[in-house]
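In my numbering, each residue carries its 1-based index in the sequence shown increased by 88.
Backbone N, C-alpha and C define an ideal beta-carbon position, used for all residues, glycine too.
Predicted, not measured: the structure shown is a model, and the values here were computed from it.
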Amino acid sequence: MSDNTIKKRPPKLRLDIQESASNSYEDAPISTATSVDGENCELDSTVKINVGDHTDVLVSPDDLTVTQQLGRGQYGIVEKVHHKPSGCNFAVKRVALRPGDNHERQRLVMDVDILVKGYLVNSVARTYEAGCRPYMAPERIDPPRDRTGYDIKSDVWSFGITIMEIATGRYPYQHARDFFEQIKSICTNEPPKLSEGLFSPMFQDFLSICLKKDYQSRPKYDVLEAHPFVQSNKLLDISDFTKEVLHRDKDNSNTVQ
89 MSDNTIKKRP PKLRLDIQES ASNSYEDAPI STATSVDGEN CELDSTVKIN VGDHTDVLVS
149 PDDLTVTQQL GRGQYGIVEK VHHKPSGCNF AVKRVALRPG DNHERQRLVM DVDILVKGYL
209 VNSVARTYEA GCRPYMAPER IDPPRDRTGY DIKSDVWSFG ITIMEIATGR YPYQHARDFF
269 EQIKSICTNE PPKLSEGLFS PMFQDFLSIC LKKDYQSRPK YDVLEAHPFV QSNKLLDISD
329 FTKEVLHRDK DNSNTVQ
């Protein structure tokens, strides 16, 4: 991707850094900034960003190269950009914003403040892409200060979110307006629940213990395996059902072609 990628993006863009903090992206720091699209805004801002260890770097749009799109929503795009002079990586959110909309600017500051807390500590793969954030447990997105790692209890949350999506046909946080709001909802809102009356109490209880917000109260796999929902279906063979579904999907695919 060329160094002029940002310059060529209409409309004219002004890099407007609202908040920043350090993350870990391999061996390079990753900070979060907010980029605002507006009318009659020139690409001329230079800002100072803290990248950890009391180190500040001066950043101007001319020094940034977009390397990857991290997320896209109705209200903006989150991209990973590389700052050539310092070697730092930044997560930049581009949003459509009316000039002078102070209320929206305050919301952006709040959203960014939530997001920049998210980093992986002592992860098996310390990268921004390690895992899919919409399925990550709250403690992996926003780790407690006194915690130096994560265990399989975080995977139990991801398992619960996946099972809930399979059961309902919908991702639990699909109504979030954008990536930032989605991550904030996972960290600050109550865990999602199944609708009453549509599923058995046994299954609802199983899912509720998988999605306990406090990871210390969340069970590990040995406890899940002993749950009545698992035990009651332990001998259930779904191989024939799976084959039927896969065969049906293959037939539908051939029909479309």
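Alpha helix (DSSP H) segment containing Phe-268, residue limits: Working through the sequence shown from its first residue, we reach residue 268 at position 180. It spans 267–276 - the alpha helix (DSSP H) in which Phe-268 sits, taken as one unbroken run.
Inter-residue CB distance, Glu-227 and Ser-246 (contact presumed, cutoff 8 Å): Here residue 227 refers to the residue found at position 139 of the sequence shown. Here residue 246 refers to the residue found at position 158 of the sequence shown. In this structure, Glu-227 and Ser-246 do not form a Cβ contact; the two beta carbons are roughly 12 Å apart against a cut-off of 8 Å.
Euclidean distance between Cα positions of Arg-336 and Ile-326: Working through the sequence shown from its first residue, we reach residue 336 at position 248. Working through the sequence shown from its first residue, we reach residue 326 at position 238. Each residue's Cα considered, the two are about 15 Å apart.
Contact check, Leu-295 vs Val-244, beta carbons under 8 Å: Stepping through the sequence shown from its first residue, residue 295 is reached at position 207. Stepping through the sequence shown from its first residue, residue 244 is reached at position 156. One thing to note: Leu-295 has its Cβ no nearer than 8 Å to the Cβ of Val-244.
Endpoints, the alpha helix (DSSP H) within which Ala-255 is located: Here residue 255 is taken as the residue at index 167 of the sequence shown, counted from 1. That run of the alpha helix (DSSP H) goes 240–256.
Sequence-distant residues of its chain with Cβ nearer than 6 Å to Ile-347 (five each side left out): Given a span of 89 to 345 for the chain in the structure shown, any question on residue 347 remains unanswerable.
Cross-strand partners of Gln-157 (DSSP beta bridge): Here residue 157 refers to the residue found at position 69 when the sequence shown is read from its first residue. Its beta-bridge partners are Glu-167.
Neighbour-count burial assignment, Pro-98, 16 or more Cβ in a 10 Å radius: For the purposes of this step, residue 98 is identified with residue 10 of the sequence shown, where counting begins at 1. In this prediction, Pro-98 has a pLDDT of 31, which is less than 50 and means its spatial position is unreliable; nothing more can be read from the coordinates.
Alpha-carbon to alpha-carbon, Ser-283 and Thr-122: As a first step, residue 122 must be located in the sequence shown, where it is residue number 34. As a first step, residue 283 must be located in the sequence shown, where it is residue number 195. Confidence at Thr-122 is low in this model, with a pLDDT of 42, below 50, so the placement of that residue is unreliable and no value is reported for it.
Cα-Cα separation, Thr-256 to Pro-280: Here the question's residue 256 lines up with position 168 in the sequence shown. Here the question's residue 280 lines up with position 192 in the sequence shown. Taking the straight line from one Cα to the other gives about 12 Å.
For Glu-290, the first and last residue of its enclosing alpha helix (DSSP H): Within the sequence shown, residue 290 is the residue found at index 202, counting from 1. In the sequence under discussion, the amino acid at residue 290 is Met, which differs from the Glu named in the question. Per DSSP, Met-290 belongs to the alpha helix (DSSP H) from 289–298.
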